[in-house]
Amino acid sequence: MTRKQQRISAILLVLFGASIAVSLSLMALKENVTYFYYPSDIFEEKKEIPRDKNFRMGGLVVEGSISKSGTITNFVITDTVHTISMSYEGILPDLFREEQGIIATGQLNDDGIFVADTLLAKHDENYMPPEIAKALEKVKRSDKTSP
Amino acid sequence: MFGYANPKRYQALSHYIFIAAAILATLFLSFGLYLALIASPPDYQQSETVRIMYVHVPAAWLSMFIYASMAVAALVLTIWKHTLAGFYIRAAAPIGAAFTAACLISGALWGQPTWGTWWVWDARLTSVLILFFLYLGAIALNNAYDNPDKGNQASAWLVLVGSVNLPIIKFSVEWWNTLHQPASLTSLSKITSPGIHADMLTPLLVMAVGFLCLYSALVILRLDNEILSRKIHVLRLRTING
Numbered sequence: 161m162t163r164k165q166q167r168i169s170a171i172l173l174v175l176f177g178a179s180i181a182v183s184l185s186l187m188a189l190k191e192n193v194t195y196f197y198y199p200s201d202i203f204e205e206k207k208e209i210p211r212d213k214n215f216r217m218g219g220l221v222v223e224g225s226i227s228k229s230g231t232i233t234n235f236v237i238t239d240t241v242h243t244i245s246m247s248y249e250g251i252l253p254d255l256f257r258e259e260q261g262i263i264a265t266g267q268l269n270d271d272g273i274f275v276a277d278t279l280l281a282k283h284d285e286n287y288m289p290p291e292i293a294k295a296l297e298k299v300k301r302s303d304k305t306s307p
Numbered sequence: 002m003f004g005y006a007n008p009k010r011y012q013a014l015s016h017y018i019f020i021a022a023a024i025l026a027t028l029f030l031s032f033g034l035y036l037a038l039i040a041s042p043p044d045y046q047q048s049e050t051v052r053i054m055y056v057h058v059p060a061a062w063l064s065m066f067i068y069a070s071m072a073v074a075a076l077v078l079t080i081w082k083h084t085l086a087g088f089y090i091r092a093a094a095p096i097g098a099a100f101t102a103a104c105l106i107s108g109a110l111w112g113q114p115t116w117g118t119w120w121v122w123d124a125r126l127t128s129v130l131i132l133f134f135l136y137l138g139a140i141a142l143n144n145a146y147d148n149p150d151k152g153n154q155a156s157a158w159l160v161l162v163g164s165v166n167l168p169i170i171k172f173s174v175e176w177w178n179t180l181h182q183p184a185s186l187t188s189l190s191k192i193t194s195p196g197i198h199a200d201m202l203t204p205l206l207v208m209a210v211g212f213l214c215l216y217s218a219l220v221i222l223r224l225d226n227e228i229l230s231r232k233i234h235v236l237r238l239r240t241i242n243g
């Protein structure tokens, strides 16, 4: 091998080693890299969820499920397959509304209700002016009503 | 192919590229800022807060583009030993760090009103923070040796190893559940139907081109500086050694 070829193989070796090391550590830390769980993760029990500690749950707020009593807000989130009831006490983020993605930190209580102590709004990757959103909403509604 | 890797020939050409890049950057950034801050509509969900996107997203793109270009330079330096590639790493790293910092800071300012938090340790945010530290590490290694060539080579190795982080940043929002939303433009499903309305996409792209021109102008200035300071270094060594 010429010295140039030696250097190229050294680079390939280093890159290969680094990718293996990083992917192994990411796999080992999967539980920590996953920022939140969906309701299906709880019901299907495919993922190990640390139930004794605080963990994060995410999903869309179900339409018409929000009810308030004092400073406590009760609502239901869904990942379109399973749903979970949530109860949160505190100030709601600006983007909290029906059909909005949210991420809550807390624990499941014995009644299967997720009691959250922090609530973050997750927004989607779509951006558009309000008029377009309204027009889209109209189209969606007329689709629902027409057979 | 490597004709312009000769510093002298490079300098003759770079002057004109610098002037062109500086003029284009001024035009694109002023027009882009007008579009972004005044002419473009508010978002249906976030209203006016969405305007942070026009700085945040180009800064994020540039932070990754600059690192990728440094990785190419690191390859060229390590395999072909072209001195100019080492100068490029030296010149680009602080600018890349600045764009990454701009991305992180504008992201925090955007996260507070929309998500309800300045910072979370999700995969996207954490991997970009690591990118920032990689830049700082490259700068530190560049200056860690008395012999600047040794410093450049050490830095090149760090840049090569750190390039593993680039795909992690890009795909973090697809591989793991994150608070950060997935890509609106640069994913397979979004190329044909972008998630951004045309009225908001145009200012974003104009700003991105402006950022790229600004970077080109800045990196050429710094590269010229590196070449000059290397000449001073060589002259000094000559006078010391008689």
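One line per chain: the protein sequences are A and B, in this order. Numbering of the first sequence is given in the working numbering, commencing with residue 161 and proceeding in unit increments. Numbering of the second sequence is given in the working numbering, commencing with residue 2 and proceeding in unit increments. Just so you know, even glycine gets a beta-carbon here, dropped at the ideal spot from N, CA and C. Computed from a prediction, not measured in an experiment: that's the story for all the values here.
Residue-level contact to chain A via CB, residue i, 9 Å cutoff
i, result
"residue 158 of chain B", "yes"
"residue 108 of chain B", "no"
"residue 2 of chain B", "Residue placement at residue 2 of chain B cannot be trusted, given a pLDDT of 46 that sits under 50; what the coordinates show is reported in the next sentence. False, the Cβ-Cβ gap to chain A never drops below 9 Å."
"residue 183 of chain B", "yes"
"residue 204 of chain B", "no"
"residue 177 of chain B", "yes"
"residue 245 of chain B", "Chain B is shown from 2 up to 243; residue 245 of chain B falls before or after that span and cannot be answered."
"residue 43 of chain B", "yes"
"residue 65 of chain B", "no"
"residue 171 of chain B", "no"
"residue 54 of chain B", "yes"
"residue 124 of chain B", "yes"
"residue 153 of chain B", "no"
Beta strand (DSSP E) segment containing residue i, residue limits
i, result
"residue 262 of chain A", "261 to 268"
"residue 280 of chain A", "274 to 282"
"residue 237 of chain A", "232 to 238"
"residue 219 of chain A", "215 to 221"
"residue 229 of chain A", "227 to 229"
CB contact check: residue i to chain B, cutoff 9 Å
i, result
"residue 266 of chain A", "no"
"residue 188 of chain A", "no"
"residue 255 of chain A", "yes"
"residue 175 of chain A", "yes"
"residue 193 of chain A", "yes"
"residue 277 of chain A", "no"
"residue 179 of chain A", "yes"
"residue 171 of chain A", "yes"
"residue 290 of chain A", "yes"
"residue 214 of chain A", "no"
"residue 196 of chain A", "yes"
Rounded C-alpha distance that separates residue i from residue j
i, j, result
"residue 36 of chain B", "residue 56 of chain B", "12 Å"
"residue 82 of chain B", "residue 61 of chain B", "30 Å"
"residue 176 of chain B", "residue 250 of chain A", "31 Å"
"residue 293 of chain A", "residue 255 of chain A", "15 Å"
"residue 200 of chain B", "residue 206 of chain B", "11 Å"
"residue 283 of chain B", "residue 106 of chain B", "It is not possible to answer for residue 283 of chain B, since the shown part of chain B is limited to 2 through 243."
"residue 272 of chain A", "residue 73 of chain B", "53 Å"
"residue 132 of chain B", "residue 166 of chain B", "7 Å"
"residue 123 of chain B", "residue 13 of chain B", "46 Å"
"residue 183 of chain A", "residue 32 of chain B", "43 Å"
"residue 282 of chain A", "residue 10 of chain B", "52 Å"
"residue 104 of chain B", "residue 130 of chain B", "10 Å"
"residue 109 of chain B", "residue 167 of chain A", "41 Å"
"residue 307 of chain A", "residue 231 of chain A", "Residue placement at residue 307 of chain A cannot be trusted, given a pLDDT of 47 that sits under 50; what the coordinates show is reported in the next sentence. Each residue's Cα considered, the two are about 42 Å apart."
"residue 323 of chain A", "residue 119 of chain B", "With chain A covering 161 to 307 only, the question about residue 323 of chain A has no answer from this structure."
"residue 219 of chain A", "residue 186 of chain A", "24 Å"
"residue 135 of chain B", "residue 127 of chain B", "12 Å"
CB contact flag (residue i, residue j, <9 Å)
i, j, result
"residue 223 of chain B", "residue 170 of chain B", "no"
"residue 214 of chain B", "residue 93 of chain B", "no"
"residue 233 of chain A", "residue 199 of chain A", "no"
"residue 291 of chain A", "residue 191 of chain B", "no"
"residue 263 of chain A", "residue 202 of chain A", "no"
"residue 266 of chain A", "residue 288 of chain A", "no"
"residue 211 of chain B", "residue 25 of chain B", "yes"
"residue 29 of chain B", "residue 216 of chain B", "no"
"residue 196 of chain A", "residue 217 of chain A", "yes"
"residue 171 of chain A", "residue 85 of chain B", "no"
Enclosing alpha helix (DSSP H) for residue i [first to last residue]
i, result
"residue 136 of chain B", "124 to 143"
"residue 244 of chain A", "Looking at the DSSP string, residue 244 of chain A is not in any alpha helix (DSSP H); the run it does join, the beta strand (DSSP E), is 243 to 249."
"residue 169 of chain A", "163 to 188"
"residue 158 of chain B", "149 to 163"
"residue 256 of chain A", "Residue 256 of chain A -> no alpha helix (DSSP H), and no H or E assigned at all."
"residue 227 of chain B", "199 to 242"
"residue 190 of chain B", "189 to 193"
"residue 113 of chain B", "84 to 115"
"residue 169 of chain B", "166 to 176"
"residue 285 of chain A", "Unbroken run through residue 285 of chain A: none, as it is neither H nor E."
"residue 201 of chain A", "199 to 204"
Any 3 or more C-beta pairs closer than 8 Å across the stretch 257 to 272 of chain A and the stretch 15 to 23 of chain B: no
Touching by the beta-carbon criterion (3+ pairs, under 8 Å), the stretch 60 to 80 of chain B and the stretch 228 to 239 of chain B: no
Stretch pair the stretch 72 to 90 of chain B + the stretch 146 to 163 of chain B: three plus CB contacts closer than 8 Å: yes
contact_flag[the stretch 273 to 289 of chain A, the stretch 237 to 251 of chain A] where n(CB pairs < 8 Å) is 3 or more: yes
Contact between the stretch 215 to 226 of chain A and the stretch 145 to 155 of chain B (3+ Cβ pairs under 8 Å): no
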